[in-house]
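Worksheet for the structure shown next.
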Amino acid sequence: MCETLGKEAIIAEGGRAVKGDSLRVCLVMEAPNRYTGAIMSSEEMPKAYDPQAVEDGIYAAWEASGFFNPDNLPGDRSTPYTISLPPPNTTGTLHLGHAMYTVQDILIRFERMRGKAALWLPGTDHAAIATNAKVERLLKEEGLTRHNLGREKFVERVNAFIKQSQGTINRQLRKMGFSLDWSREAYTLDEPRNRAVREMFKRMYDAKLIYRGHRVVNWDPNLRTNVSDDELEHVEKQDPFYWFQYGPFVIGTVRPETKFGDKYVVMHPEDGRYKDYQHGDTFECEWINGPITATVIKDEAVDPEFGSGVMTITPWHTAIDFEIAERHGLDKEQVIDFEGNLLPIAGEFAGMPIEEARPKIVEKLQKKGLVVKVEEEYVHNIAINSRAGGIIEPQVREQWFIDVNKPFAFVQSKHHPIEGLKSGQEISLKEVMRHVVTSGQITFVPERFEKIYFSWIDNLRDWNISRQIWFGHQVPVWYKGEDIVVGETPEGDGWEQDPDVLDTWFSSGIWTFSTLGWPDDTADLKRFHPTDVLETGYDIIFFWVARMILMTTFALGEVPFRTVYLHGLVRDEQGRKMSKSLDNIIDPLDVAEKYGTDAVRLALIIGSTPGQDKNLSEQKIEAYRNFGNKLWNIARFVLGVVEVVEVVEGVEARTLADRWILSRLGEVTTSVTKKLETFQLSSAAEELRDFTWGDFADWYLEIAKIEKDKDDILLFALERILVLWHPFIPFVTEEIWKRFSAGSRAGETRSFLMVHDWPESGASPLLFSSEGGSASGGKEGKGVVREQMQHLQDVIVAIRNLRSENNVEARKKVVVTLVSQEAAKMLDEQKALIHGLARVESLTISSEKVKPGDSASTVVGTTEVYLSLEGLVDMDAERDRLVGELEEARTFEAKTKVKLDNKEFISYAPTKIVESIKETYAQTQERIQKLESQLARLA
RNA sequence: GGGUGUAUAGCUCAGUUGGUUAGAGCGCUACGUUCACAUCGCAGAGGUCCGUGGUUCGAGUCCACGUACACCCACCA
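Under this note's numbering, think of the first position of the first sequence as 547, with each following residue one higher.
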């Protein structure tokens, strides 16, 4: 019923949102019995895996199981493992970059399977400025502004927009298969977070780290708010650069419109050119709107090398000028208003926007003869608001700041104290931020980002946390006359709240613990904090990562997370940023629907490395769709060929191939586990793919068709493969597991693969061995198995190669002679495999030297391979080929000999290396000899 | 002006303490058989690991310099 409903809805509306809605319906109506219903046998498995048909249902069933919530997980879950989802901005929809959350899902699923109380906590960020700007843009399309709407109505509009945005985002996160604990979902602007924000503000205020003061801020006249230093973006712009006569001096500027109030002329104290002028000297000079009195100021901020080494200052509209004015107690005057128009000080230009006024001012100065020269093509950087695009006009405003240099009394955590700090210790926020990273209590992956973090801290100035927009957490401060109350709404009448709102990052900065119930001392907070990993893009390290460290160490006396894993940005296949204007955006939902979510996840993970940007093409996603299908068909074969589909506990190795695949399985398990523990996700997935596709499918399954009776190993290996793959590609593995476990004997149905135990590293799956001796075969036995199997594979490939080189028809069976002293026994034992896998009709294995005539030949390790061709051998081609092989071998022999002749190599290199090279040398010589004799046979 | 990253096969990229003849996927060439899979199988071609110098018995890997590209930070009026 659910599916029908969903499909009809899609057809009717053609929209993604509707489809998501149907998903929710599924969740309620269908999930409870979906996985306990009809038993599917493998025969019902379609030929091709169809992600579309199963993904939504699987997700709904996972969600209904409650296992996303660590409180519901089975077994002893005493060890917590926590990741806070970096809350996506509620500005619309997720893009492909968000699909990188896959990294977190892999880690969470891995740790959940390992028996930890895995918590992945979701939520969204209200992104004050970005959302505010977005809604203002939408209003503009309706011909409205926030000002003619009013604060209340405007916030309503924003909230409606957010609600829609959150719905879309949450559907997208589900579509990606993310195992988030929705029961703990949070929002940076909901009531519990508002309480945390107010508490945080109050605590910092009480510690005197939050203060209010007049400073030059980055004012955006369009949005009519200021933004923090980190929200600026600098873009190159070409403008005329003017040189004006200012009394006896020549001063330069690109901004004549700020010069009305300039009455100070500043020069470096050591500048010899101006030694006749003393600090404080005054002089009369003609200026834009008539004569003024100017004062000489000596300050080291002036660069004598630049231009004339003299400048006038505009303290109200330039940060560095403001500082100079502060140092010398100079007047500051506002010239431009908060909407970007000139004030009455500009005289006849008052009220004009600056772009309009600029040329007119220059014209006037020109007439007065005060323009010395104009450089038309001056290139400089201007600051724009990166969130909304407006050109920044520095202004002096009264703002709230966090003092990052002022010492405060550090309060240590009871549960997870920061090493190296003591309660009551006087220390600044900057120092704490540096300490937790230098002491290794927070580590970055990759490490190099620590340097970037430190350099940011070194240059960090007080953090301006107030914004003049309407959307966000309102500054929790109330005024009545001289009285001021912070944190809680005061009793009584006549109180007015500060109209400003807080910087978004103030609430994002407390995300890891505000989501766990802080400021209450909750069980969640005690159990799940600090979180284990913060996984995010490197572009957000300053905005968020650093601020979380700042606020968490202050509020809790603990670190917010142990490891910061930074992924790269996702770009298009040519390495360009994805953008609407380039029309190269890949929508995660589009490709997930086209190729399956697992394919998208794998394409993002494989071949990408932390901190490195990632170029993604649809072709790549397609390739991993193919892998999913391969895995599907592996399962289809195994589940179809075995007599009873069941979960097996132990296996018996009867043949070389059995021992080989089981030992490989053990190796891969250990290796993949280790790689996941050390964040080498790409390498882990690659190794799994090579094992699954190469070793298992291409070799072992083909062998199983010949050797037969391998039900236990096939089932065991399939189960293990599914388990190891599950964190990466949860849907296809769960879907196969459903059929696997459902096909098992009644009562043996195991729950979701999602909560299947992760196999122990190092433990051998080989529980019984018909060969006797140790079950695992021991280390040496394992090595021999690997070596023998490798040789067997090489021989088979060599025969196939000879067939191919000599254009032997694929269906034709051939006559082969293998000559080997060392491997004859093994090859004889594996005769059946050589027959089957190389399509050999008649196989002779000899330890004596025989030279079959009329055949193509080659040498593989210690074995000579002859393929009889009954008069079909092209003697010339065969000779050429052998000569080629021989040349190659001789070149290699010579290279190896150089090494062995090097006495220093023999004495300095480790014995292990020397021995292996000696062995290789001997083998090469043997190979050369054999090739020579084969060649001689042709002569 | 500081700082970081990248440069490996036609394309996109792995390569974790330096160690036998450097890997994968896609693409390319040839051939396709017994029913897991043509979203496939089999075999193959394809690389001066950006350049120069250095350290070392040994360098894609470490160091220095250079070149090209990308990015971050910065109040030069």
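All C-beta atoms, glycine included, are put in the ideal place defined by N, C-alpha and C.
- By the neighbour-count criterion, in which a residue is buried when 16 or more other Cβ atoms sit within 10 angstroms of its Cβ, residue 810 is buried.
- Counting along the chain, residue 1126 sits inside no beta strand (DSSP E), nor does DSSP assign it H or E at all.
- For residue 1022, no beta strand (DSSP E) run applies, since DSSP gives it neither H nor E.
- The beta strand (DSSP E) runs lying completely inside the region 870-950 and spanning 3 residues or more are 917-931, 939-948, given in chain order.
- Per DSSP, the unbroken beta strand (DSSP E) holding residue 1029 starts and ends at 1029-1032.
- The distance from the Cβ of residue 1278 to that of residue 1174 is about 5 Å, consistent with a contact at the 8 Å cut-off.
- Non-local C-beta neighbours of residue 679 in its own chain, meaning closer than 7 Å and more than five positions away in sequence, comprise 769, 933, 934, ordered along the chain.
- Sorting 672, 688, 738, 797 by C-alpha distance to the C-alpha of residue 709 places 672 at the top.
- In this structure, residue 666 and residue 726 form a Cβ contact; the two beta carbons are roughly 5 Å apart against a cut-off of 8 Å.
- Among the bridge pairs identified by DSSP, residue 759 is matched with 945.
- Shortest Cα-Cα distance from residue 1407 to any of 1336, 1392, 1422 involves 1336.
- The C-alpha of residue 1379 is placed about 12 Å away from the C-alpha of residue 1343.
- Spanning the alpha carbons of residue 975 and residue 1096 requires a straight line of approximately 6 Å.
- According to DSSP, residue pairing for residue 836 in a beta bridge involves 833.
- Within the model, the alpha-carbon separation for residue 1051 versus residue 1093 is close to 7 Å.
- At the C-beta level, residue 762 and residue 868 come within 8 Å of one another.
- At a Cβ-Cβ threshold of 8 Å, residue 748 and residue 1022 count as neighbours.
- Residue 970 counts as exposed, since fewer than 16 other beta carbons sit within 10 angstroms of its beta carbon.
- For residue 1401, the enclosing beta strand (DSSP E) covers residues 1401-1406.
- Boundaries around residue 1092 are those of the alpha helix (DSSP H), 1092-1102, since no beta strand (DSSP E) includes it.
- Leaving aside the five residues that flank residue 742 on each side, the residues in its chain whose CB is nearer than 7 Å to its CB run, in chain order, 1056, 1060, 1064, 1065.
- A distance below 6 Å between beta-carbons, with the five flanking residues on each side excluded, links residue 820 to the following residues of its chain, in chain order: 813.
- Per DSSP, the beta-bridge partners of residue 732 are 669.
- In the DSSP assignment, residue 857 is bridged to 812.
- A straight line joining the alpha-carbon of residue 1141 with that of residue 1165 spans about 10 Å.
- Residue range 771-773 is occupied by the beta strand (DSSP E) that includes residue 772.
- In this model, residue 1299 and residue 1013 are separated by some 48 Å (Cα to Cα).
- According to DSSP, residue pairing for residue 1410 in a beta bridge involves 1365, 1405.
- Put simply, of 1446, 620, 738, 649 the residue whose alpha carbon is nearest the alpha carbon of residue 1068 is 738.
- In the three-state scheme derived from DSSP, where H, G and I count as helix and E and B as strand, residue 766 is classed as strand.
- According to DSSP, residue 784 shares a beta bridge with 925.
- Residue 1044 and residue 740 have their alpha carbons spaced roughly 15 Å apart.
- The criterion of a C-beta distance shorter than 8 Å is not satisfied by residue 833 and residue 919.
- Counting the other CB atoms within 10 Å of its CB gives residue 631 a total of 16 or more, which places it among the buried residues.
- Around the C-beta of residue 1372, 16 or more other C-beta atoms lie within 10 Å, and the residue is accordingly described as buried.
- In the three-state reduction of the DSSP assignment, residue 1436 falls in the helix class.
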